[in-house]
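Colleague:
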Amino acid sequence: MLKIALRVLPLILGICGTLAQGYIPSALVRCSVDDKNCFKTQAEQYVKYYKNGIPEHGIPGVEPLELGALNFRLGNSNSPLQMELEATNVAVANFGNGLIVDSLQINASATDLTTPFNVIWKISFPELDINADYTLKGKFLILPMNSKGKLKAKLTKVVVTATCFNQPEKRKDGNTYLKIVKIGATESIGSIKINFTNLFKDAELNEATVKVFNDEFSTFEGEIKPKLMNAITRKMKSVLQKLFDVMPYEGLFLNKKVK
Ligand SMILES: *[C@@H]1O[C@H](CO)[C@@H](O)[C@H](O)[C@H]1NC(C)=O
Ligand SMILES: *[C@@H]1O[C@H](CO)[C@@H](O)[C@H](O)[C@H]1NC(C)=O
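Residues -20 to -1, 1 to 239 in mature numbering (1 follows the signal peptide of the UniProt record, and there is no 0) are what the sequence shown lists, from first letter to last.
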C-alpha cells in the first residue's frame, strides 16, 4: 500500500504543480547548503523515497541492488578448495530497505554552485543478503567439481564510508546538473557466511564442502571483498548519476541559484 502511495505521490504532486525542481517532490526535506545538521535527514528521506527507482526514466531501484555477473578465482594449490566461480544475477537484498545513514558531510560552496565538491557518506547495514546463480569449475581436495546452482551470502554489520566527488555541469536545457566524477569507498564487514546448493550431488559432501569454504574464507577474502565492493560502488555511481540527471543541482538544496 505504502509502495503504491509512494509511486503515485510524485504524479499527484506533479499534477498539482508543487513539484520542486526536477523530480524532487516538495514534500521531501531539502537543506540549505550551509545547514550541516539537515543533510542526514534529507539523505534518509531520499533513500526511502527513491529506493524503488524511477521506472519511467530507467532509474533502477536499490532494493535489491542488482550487480549482474561477478567472476572469482579462489584458492591456490595449497588450499583444499580451488575454484573458478562465476556468479550471475547477483542481487543484494536489504540494501535499500536496510540502509542506515550514520552521517553525511557535504562541502559544497554556499555562494558558488559551480565549484566541485565532496559528499562523504557514512552508511551501515545490519545485514545484507546476497543471492546469485553460480557455475564453477575446480576441486575439493582431489575431487573435481563442475557445478551449477544457487549461492547465498549473508553479511552482517557492514559499515561503509563513501566519498563522492561531484562536478557541477551546465547542460543544454540551461540547468546545472551534478556529474559524479568518482566514488571511493572503504568498508568493514562484521561477518560473512556463504552457502552453495548443488556443489556435489551428495548432500553430506555438499555440506562438508560449504563448511570448508567458510572455514577457509580468510584465504578467499582478498579476492571476494574488493570485487564485491567495486561492483556495489560502480552500481551506486550509476544509479546516483541517473538520479542526478533528472534533478537539477539548483533544486537539490533550498536557497541556491547557480550563476
Ligand atoms: C570540497 O573538497 C574537495 C576535496 O578536498 C575540493 O576539491 C573542493 O574544491 C571543495 N569544494 C568546496 C566548494 O570547498
Ligand atoms: C546451506 O543451505 C542448506 C539448504 O538450505 C542448509 O540445509 C544448510 O544447513 C546450509 N549450510 C550452512 C553452512 O549454512
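Glycine included, each C-beta is placed from N, C-alpha and C at the ideal position.
These figures come from a predicted structure and were not determined experimentally.
Are the Cβ atoms of Leu45 and Lys215 separated by less than 8 Å?
Modeller: Their beta carbons are under 8 Å apart, which means Leu45 touches Lys215 by this criterion.
Colleague: Any heavy atom of ligand 1 closer than 7 Å to the Cβ of Thr68?
Modeller: Thr68: no, Cβ never under 7 Å from ligand 1.
Colleague: Grab the span of the beta strand (DSSP E) containing Arg53 for me, first residue to last.
Modeller: Leu45 to Leu54 is the extent of the beta strand (DSSP E) around Arg53.
Colleague: Roughly how far, in whole angstroms, is the beta-carbon of residue 240 from the beta-carbon of Lys134, given that I think they are within contact range, below 8 Å?
Modeller: Not covered by the structure: residue 240. The range shown for the chain is -20 to 239.
Colleague: Check each candidate in Val140, Leu8 and Thr68 and name the one with the smallest Cα separation from Asp82.
Modeller: Minimum Cα distance to Asp82 is reached at Val140.
Colleague: Do you know how far the Cα of Leu61 is from the Cα of Asp225?
Modeller: Between Asp225 and Leu61, the C-alpha separation is close to 45 Å.
Colleague: Just to confirm my understanding: we take Phe233, look at its own chain, exclude 5 residues before and 5 after, and list those with CB closer than 7 Å. What are they?
Modeller: Arg10, Cys11, Ser12 and Val13, listed in sequence order.
Colleague: Would you say the beta carbon of Ala88 comes nearer than 7 Å to a heavy atom of ligand 1?
Modeller: The answer is yes for Ala88.
Colleague: From Lys137, Gly154 and Glu167, pick the residue whose C-alpha is nearest to that of Thr143; which is it?
Modeller: Cα-wise, what sits closest to Thr143 is Glu167.
Colleague: Which residue wins for smallest C-alpha separation from Lys117, given the options Ile34, Ile169 and Leu179?
Modeller: The option with the nearest alpha carbon to Lys117 is Leu179.
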